[in-house]
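Working notes, beginning with the structure itself.
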Amino acid sequence: MVYLTRRERFNAAHKLWVDAWSDDRNREMFGKCSNKNWHGHNYDLFVTVKGKPDPVTGFIVDVKQLSKLIKSSIVDKVDHCNLNLDVDFIPKGMQPTTENLVILFWQQLEPLLEGCQLHCIKLYETENIFAEYYGE
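Add 342 to a position in the sequence shown, counting from 1, and you land on the number used in our numbering.
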């Protein structure tokens, strides 16, 4: 089995906040991420697929096509958006955490892949914080 990873980047804003909590409790739990006027991140998205190389092309998947799929199903929908308000596949009321985003991104991309399998979605929110998801 061979694993191939493609990186894409996007910028987005979000806020982590629970309406039923006080301002103090939200700040205690979410820190700077609870800023009432939002805050942004420069995200790095890593998509890893797996499969056996084609005997003629040597490819698991055409990486140009993989990039187009990632962009159309995820990046174009989240880039320069407010993750709390603008993205139709993020359920209202769901915290747009890195942990939740990797699951949602998997759900967007996995059904579109042909000839390979989705192995991992890894999303860096900062250089020190990232989440990985390997499916159910």
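Glycine is no exception: its CB is placed at the ideal position from the N, C-alpha and C atoms.
{"Item": "Measure the alpha-carbon distance for G435 versus D396 and round it to whole angstroms.", "Value": "43 Å"}
{"Item": "So, with DSSP's three-state summary, where would you put L358?", "Value": "coil"}
{"Item": "Expressed to the nearest angstrom, what Euclidean distance is found between the alpha-carbon atoms of V417 and F401?", "Value": "23 Å"}
{"Item": "Is L408 helix, strand or coil by DSSP?", "Value": "helix"}
{"Item": "Would you tell me roughly how many angstroms separate the C-alpha atoms of W359 and P433, rounded to the nearest one?", "Value": "14 Å"}
{"Item": "Enumerate in chain order the residues of its own chain whose CB-to-CB distance from Y466 is below 6 Å, with the five nearest sequence positions on each side excluded.", "Value": "D386 and F472"}
{"Item": "Could you give the distance in angstroms between the alpha-carbon of S376 and the alpha-carbon of V405?", "Value": "37 Å"}
{"Item": "Out of curiosity, what's the CA-to-CA distance linking K413 and L455?", "Value": "13 Å"}
{"Item": "Starting from the Cα of G457, find the closest Cα among I445, T347, D361 and K394 and give me that residue.", "Value": "K394"}
{"Item": "Just grab the DSSP bridge partners of T468 for me.", "Value": "Note: T468 sits in no beta bridge, so no partner."}
{"Item": "On the criterion of 16 or more Cβ atoms from any shown chain inside 10 Å, does Y476 qualify as buried, or is it exposed?", "Value": "exposed"}
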